[in-house]
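Residue numbers (this note's numbering): 13 to 671.
Structure below.
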C-alpha cells in the first residue's frame, strides 16, 4: 500500500462528510476559526514607504523597484526632492483623483501644480487608480513621514464595491452580519446593512485617520467630495431588480413597461406614481424607478427633483453584490462634507462646484465618476482656491488638454461606456466628438472597426500592428486581441463605428451568438463565477450579429426556463420583431425559427429573447444567498428568467453574416 493511501482514504472520508450544503457550512465555520487564530497582533514600527515610494530621511521620495504592472496605477515619478521652502501639497485618492484616463498628460496632480503657480508649492501625487479603502488608510497612517503642509483627500468612489475575500481580518464578522440581515429582511435589509457596516464604516474610518494625522503633524486638510454623472448615465439593462415574491415581481415589470411607454410618448406626469409603486415593491433596491423619475423631472424642467431622483437611482444597487461601476453614495458625500465642516477643514464639494442643486454638466465627465479634461480643470481650480485660501472662483480653469489628448479622451470614453452597457446615442456622440477634436484620430477608429470585424486571431491583422504603435491604446488593444470573438459589450461600439464611417462590414459566416470572448465563460451581472452557458437575469437577453446584406436565416436555440410559470411563453426577437414563441420548459429543449430576410438589415442586427416573468421562491433564495455569504462566496440576488445553452444564426443563403 502506498504511504499516502491512508491520507487519501481520510480525504475521501472528509469529502463524503462535507460534500453537501450542510458540510460546506461546517467547513466555512472551521475556516473562520482558523483565520481568527492566524490574525496578526499589533502593528510594529511603521515602514517609511508611501505606495511605491520610499521616504528618505530628508523627506525626499524615491520610487522603489516594484513590478511594472503594479507601478502603472501610480504617478510615473522616479524622485521627488525635499520641498525646501515650498509648501508640500499631497494629493491622495482613487482613479478620479489620478485623472484617469488622462493621467499621462493631464493628471489632477499636474493640473493642480500648474494652477497653484510659481515655486511656492510642491504637488505630490499619491493618488492610485483602483485604490481600495485599505490602500488609502495605509497611506494616511504613514503620510506624516513625508511632512506634508496640505493634504488633499479626494476619495469615496470605491467604498461601495464588494471586497470580500476569505481570510482577511474583520471580514468574517461582516459577512456573518450581512447574512443575518438578509435572513431577517431580504435584499433591502442586506443593502442597508452593507451601506452601514461597509461603505459608511470605510468613510468614517478614513476621515478619522485624517483627523489622527492632524494630531501627528500640522498639515491642513482639504476634503474633495466626488460627484457622479447623474444626467449622463443610464442604468445597464441587464440588472433590473432583486428576487421578489412572484406577484410583486410580475407587478413590478408591468409597472416598468407602463412607465417606459409613458416616457416614450412624452406622458411625463404619469411616470412619478408608476415609479413610486415600483420602488414600494423593490424597497429601493432597483436603479430603474429613480432613473424614470429623474427623466420625468428633467423633462418638466425641475432639476432639483431630477437630481434627487438620479441620486436614488445611482445609490440603489450599492450593497447588493451586483456589478456596477464605481460611485459615491449620497450619505457618504454628506458625511465627507459634514466631517470637514465640523473640524474647520476646507471642503471642495464637487456637487456645488459642478452646479448643485441642479445637475452637473455631462461634459465635465469622462464616463460615470471620472472627470473629463474640462472637469479636471474646474475641479482642480476649486482645489487650488482651497489650498491658497482664496475665495471660490478666484482660480480660472485652464484650457484643458490639447486636441490630440482631447480626441483620445472622447474615443476612449466611447469604448469604455459601450463596454459598460450604455446606449448607442452617447457612444456615437463621443466618437463624433473625437473626430471633431482631431480628425487625425480617424485612422485609429477605422482600425478599431477593422479589428472588431476581423476573424481571429487579431494579433496577425495589419490594423493591430498599426494601433500598437500608440502607447495609450495598448491597454485596450491587448485585451481585444486576446478575445476569441467580439465581446458582447463592444457590439454597440462596432455599430456606432459603422455608422460613423457609413460602413457595415460583414462576412458569410454563420454566427455562434453564445461564443465567449474568453475561456472563462459567460460573466453574470452579479459577482458569481461565470457559467458555460448564458443565464438571463433580466427580462431581455440581447445578442448581436453582423450581416453584409439582408437575407433569410434560421435562429437555432437550446433553452430552458427553470422558474417560469407553467403555460407562459418567451418571444424570440430579431431587430425588435417576434419571429417565434418559446413555450416555457424547466428542462433543456431545442427549437429553430425561420427568419424572413425583410426583418434583417445590413450591418449590426440585434436578436434575443424576451422572457416571461419568473416565479422564484424568495425564502429559498434568501437562505441560499445567506449561506453563500457565510461561506465567503458572493450571493446571487437576481432572479433567473431563462437560460440559453445554444443560440446560432444559420444563413440559408451563405454570403451574408458574421458574429
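For each residue, glycine too, the CB sits at the ideal point set by N, CA and C.
If we ignore side chains and look at the alpha-carbon of each, how far apart do residue i and residue j end up?
i           : j           : result
residue 658 : residue 90  : 52 Å
residue 498 : residue 529 : 6 Å
residue 53  : residue 355 : No answer about residue 53 holds up, because its pLDDT of 41 lies below 50 and its placement is not dependable.
residue 189 : residue 538 : 20 Å
residue 331 : residue 169 : 13 Å
residue 73  : residue 137 : 11 Å
residue 458 : residue 435 : 21 Å
residue 668 : residue 312 : Bear in mind that the predicted position of residue 668 carries a pLDDT of just 47, short of 50, making it too unreliable to give a figure here.
residue 270 : residue 253 : 16 Å
residue 643 : residue 535 : 21 Å
residue 178 : residue 217 : Reliability of the predicted coordinates at residue 178 is poor, the pLDDT of 35 falling under 50, and no value is obtained from them.
residue 284 : residue 548 : 28 Å
residue 368 : residue 584 : 45 Å
residue 289 : residue 226 : 48 Å
residue 47  : residue 185 : Summary for residue 47: the model assigns pLDDT 47, below 50, so the residue's position carries little reliability, and this model does not support an answer.
residue 277 : residue 268 : 14 Å
residue 157 : residue 266 : 59 Å
residue 234 : residue 259 : 50 Å
residue 556 : residue 648 : 26 Å
residue 297 : residue 351 : 28 Å
residue 531 : residue 366 : 43 Å
residue 409 : residue 400 : 15 Å
residue 661 : residue 338 : 36 Å
residue 62  : residue 140 : 11 Å
residue 294 : residue 627 : 15 Å
residue 445 : residue 505 : 14 Å
What is the DSSP secondary structure of residue i, reduced to helix, strand or coil?
i           : result
residue 149 : helix
residue 325 : helix
residue 349 : helix
residue 450 : coil
residue 589 : strand
residue 660 : strand
residue 68  : coil
residue 511 : helix
residue 655 : strand
residue 599 : coil
residue 81  : helix
residue 570 : strand
residue 633 : helix
residue 120 : helix
residue 337 : coil
residue 625 : coil
Report the CB separation of residue i from residue j in whole angstroms; it is logged as a contact under 8 Å.
i           : j           : result
residue 521 : residue 620 : Incorrect: roughly 20 Å between the Cβ atoms, too far for contact.
residue 319 : residue 370 : 7 Å
residue 513 : residue 174 : About 40 Å separates the two Cβ atoms, so there is no contact after all.
residue 200 : residue 639 : The Cβ separation is near 19 Å, so there is no contact.
residue 114 : residue 241 : Incorrect: roughly 16 Å between the Cβ atoms, too far for contact.
residue 569 : residue 603 : 6 Å
residue 501 : residue 430 : 7 Å
residue 607 : residue 566 : 7 Å
residue 247 : residue 303 : 5 Å
residue 120 : residue 340 : The pair is not a contact, with the Cβ atoms about 16 Å apart (cut-off 8 Å).
residue 237 : residue 363 : 6 Å
residue 396 : residue 124 : 6 Å
Any idea if residue i is buried or exposed, counting beta-carbon neighbours within 10 angstroms, 16 or more meaning buried?
i           : result
residue 28  : exposed
residue 59  : exposed
residue 438 : buried
residue 503 : buried
residue 81  : exposed
residue 328 : buried
residue 122 : buried
residue 131 : exposed
residue 103 : buried
residue 600 : exposed
residue 587 : exposed
residue 664 : exposed
residue 239 : buried
residue 575 : buried
residue 623 : buried
residue 481 : exposed
residue 610 : exposed
Determine, using beta carbons only, whether residue i comes closer than 9 Å to chain C.
i           : result
residue 457 : Included in the structure is just one protein chain, with no chain C present.
Any heavy atom of the ligand ADP closer than 8 Å to the Cβ of residue i?
i           : result
residue 235 : No copy of the ligand ADP occurs in the structure displayed, which carries no ligand at all.
Note down, one range per segment and in chain order, each beta strand (DSSP E) of at least 3 residues found wholly within the stretch 356-412. 358-361
Which parts of the stretch 219-290 are runs of the beta strand (DSSP E), unbroken and 3 residues or longer, counting only runs that do not cross its ends? 232-237
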